[in-house]
Every structure is written in structure tokens, then in C-alpha cells.
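Report on one structure; see the data block that follows.
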Ligand SMILES: [Zn+2]
Ligand SMILES: [Zn+2]
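In the working numbering, the protein residues as written are 11 to 291.
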């Protein structure tokens, strides 16, 4: 009500007062950020996000994005209301209608697809082939021993449908609230042979995600530096579950600048057409 009346809400004023250590992005980070044209990892209320697709798209437009990939969860992730093949098919129709309305902005169709224990992906081949962007992520058995986790990730990275390897270590730096009052505790990185996995990413043209969520900041800097050294491509994503979170790319850009990521190797600095040519290849 205070905001609507044109006032600065008391709550916001208190937060700003208490957070005086917050500083704007450094110039080089801001410049890096300005090269980004979109975001390849976002969720709507179709899975565990809090907002309708349209609201996410409108927030992305307000940020100046040219496109955003809608990557709701796959069926196996029932705690996150993962989409069955039927629901995903319905979502594709909804996105197609929204795209007609919102053009030239583009919602890219997509999925954040669970990586099964055997390295296969949690959606039909046919549907994965129809999507613009496939982010593949590990969400279970995060404490598996390194050899098994490495095999699992290698399987997903080599899958021709996979475009982006999501939050590769699965670490959580701080506790977080989830749907229905669930609370996740912090957890360490998964163990895997990062050199083997990142080398496979180079070989198969799979981008390594720089996940900008403050509780993830994944990969950790030492692994990000290794991925840079090995010649990986990157996607700087927010993994936003709400419209305001689409603004988190600065976190990822900060880490990209710190580790010397070449801006041309960040796939979401490309135009939608260039990006789609790459994901289709
Ligand atoms: Zn995820
Ligand atoms: Zn996600």
C-alpha cells in the first residue's frame, strides 16, 4: 500500500538502512552483465516457481532481456511438481501463444531435466528434441562416490539433447526454504572428476552453467577457473523461481570476471537465433 501510494515502504527503508554494505556492481562486472541478452534457467508456477509464465516473461522484458528459457522441472522431481510429458506438451502450447503476444521478446521452451543415476535424462527423447533449451542437473544421490557421480554426469553431458550442465556441484551455502515449509540445510559439493566432466563438456558442446543463486554460486571459483582453463562455454543463469530473482545475474558475472571468462564464450550473450542454432546442433 505504501509503494502504491508512491512512498518508499517502511520495510524497504529498514532493509536499505541495515544493508549499507551493499554496493553496486563494479564497472567491469556491470559491463560484462550488459552483454547478456537472456537467461537460460528459470522456473514458473508450473513446477516449483512462484509466478505464472507471463509474469516471469514481463519481468525479463523489464530487465531488457531479449529472451528467457523456461526450464521447469522434469517428472521425477515430484517435490518440485515436475512436469509430466503431457503437462510439458500443454506448456508448449501456452508458451507459443504468449510468444505471439510478446514478440519480439521470446520465451524459449525448455526443461531442467533430472539426470538419472545411469546418466540418462528424465524426459522422452521426442520431447527433449522439440525443446529449445535443455538444462541437465543432478538433484538426487548428491553424496554418491566420485566415480559413480562422474559416470552419471558424463552420460548427461554426452547426450545430444543436453545444452547446459546445471549447478554442477549441487552445493548449498546457506539453508533455504522450499515449498510447503520444507527447509533444506546447507550441503557440501558433490564429489566428481571435474576435469573429466568439463573436458566432456568441451567435446560435446555442452555449456557449463554459472548458477547465480546466492545459496548456490555454483561452480565454486576453483572449479570455474578449471572450466575456463579447459576451454568450456558457459551460461550465466539465475535459476529464478520468482520475477525479482531474474536480477541475480550480477552474482554470476562477478564470478565470471574474477575467473577470466571470455564474454564470447558465454552462450547467453548470443542472439536468440545464434543460440538456437547452437542448441539445435
Ligand atoms: Zn536444479
Ligand atoms: Zn532450477
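Beta carbons: idealized from backbone N, C-alpha and C, even for Gly.
Rounded C-alpha distance that separates residue 11 from residue 191: Going by the C-alpha atoms only, they are around 27 Å apart.
Residues whose Cβ lies closer than 5 Å to any heavy atom of ligand 2, in chain order: Proximity to ligand 2 was defined by a C-beta distance below 5 Å to any of its heavy atoms, and the residues meeting it, in sequence along the chain, are 122 and 249.
Residue 176 classed as buried or exposed, judged by whether at least 16 other C-beta atoms fall within 10 angstroms: Burial of residue 176 is indicated by the presence of at least 16 other C-beta atoms within 10 angstroms of its C-beta.
Residue 150 CB to nearest heavy atom of ligand 1 below 7 Å: Not under cutoff, so the answer is no.
8 Å Cβ cutoff met for residue 98 and residue 121: Yes, Cβ-Cβ distance for residue 98 and residue 121 is below 8 Å.
Burial state of residue 241, where buried means 16 or more other Cβ atoms lie within 10 Å: Classification for residue 241: exposed.
Residue 188 - DSSP class collapsed to helix/strand/coil: Residue 188: coil per DSSP, three-state reduction.
Start and end residues, alpha helix (DSSP H) containing residue 40: Residue 40: member of the alpha helix (DSSP H) spanning 37-44, first to last residue.
Rounded distance between the beta-carbons of residue 227 and residue 183, thought under 8 Å: Sure, about 6 Å apart at Cβ, within 8 Å.
Segment limits, beta strand (DSSP E) that includes residue 217: Residues 217-221.
C-alpha gap between residue 87 and residue 256, whole angstroms: Rounded to the nearest angstrom, the gap between the Cα atoms of residue 87 and residue 256 is 22 Å.
Check whether residue 174 and residue 219 have beta carbons under 8 Å apart: Going by C-beta atoms, residue 174 is nearer than 8 Å to residue 219.
Which residues DSSP lists as bridging residue 83, in chain order: Residue pairing by DSSP puts residue 83 in a beta bridge opposite 122.
Rounded distance between the beta-carbons of residue 247 and residue 102, thought under 8 Å: At roughly 21 Å, the Cβ-Cβ gap does not stay under 8 Å, so residue 102 and residue 247 are not in contact.
Per-residue burial, residue 19 [other beta carbons within 10 Å of its own, 16 or more giving buried]: Exposed, since its Cβ has fewer than 16 Cβ neighbours within 10 Å.
Neighbourhood of residue 38 by C-beta distance below 6 Å, restricted to the same chain and skipping five residues each side: Excluding sequence neighbours, residue 38 sits near 267.
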